[in-house]
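Residue numbers (my numbering): 5 to 108.
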């Protein structure tokens with residue numbers, strides 16, 4: 005999610021069908037991405053990156069990969085992409101302390 009600046013998210017649908025188990029959306033344009041994906045894949049809207057990571061961790065099974073894959077600028081929630089990346093890493097590190105076997 006974030007601010008898509010009017011871009012077309014339709015091309016995300018086919019790869020999502022082929023490679024993705026779930027999408028955890030955040031940001032201003034999360035509903036636009038959700039509409040583009042339709043029912044192609046499980047998806048949920050999360051208010052924050054922290055909530056998205058937590059929900060992804062709950063749904064992930066052994067061997068799954070949780071990937072931060074920004075589709076938009078995130079100025080609605082973060083100063084820049086570096087701050088967003090640091091926030092993601094911090095959330096994963098927090099999970100690592102809570103759950104045995106989580107790998108970064």
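Even for Gly, the Cβ is constructed at its ideal location relative to N, Cα and C.
Quick one: Cα of residue i to Cα of residue j, how far?
i: residue 72; j: residue 23; result: 14 Å
i: residue 96; j: residue 10; result: 30 Å
i: residue 65; j: residue 17; result: 23 Å
i: residue 25; j: residue 46; result: 7 Å
i: residue 78; j: residue 84; result: 7 Å
i: residue 19; j: residue 101; result: 32 Å
i: residue 50; j: residue 38; result: 12 Å
i: residue 90; j: residue 99; result: 14 Å
i: residue 62; j: residue 41; result: 21 Å
i: residue 32; j: residue 86; result: 19 Å
According to the Cβ coordinates, are residue i and residue j closer than 8 Å?
i: residue 75; j: residue 13; result: yes
i: residue 21; j: residue 44; result: yes
Please list, in chain order, all residues of the same chain as residue i whose beta carbon is under 6 Å from its beta carbon, the five residues on each side excluded.
i: residue 82; result: 88
i: residue 70; result: 60 and 64
i: residue 27; result: 45 and 47
With a CB to CB cut of under 8 Å and the five nearest residues on each side skipped, what residues in its chain are close to residue i?
i: residue 52; result: 30 and 81
i: residue 54; result: 91 and 95
Would you grab the beta carbon distance between residue i and residue j for me? Rounded to a whole angstrom, and I think it's under 8 Å.
i: residue 36; j: residue 67; result: Contact doesn't hold; Cβ gap of about 31 Å is too wide.
Report yes or no: is there a C-beta of chain B within less than 8 Å of the C-beta of residue i?
i: residue 83; result: The structure shown contains no chain B; it is built from a single protein chain.
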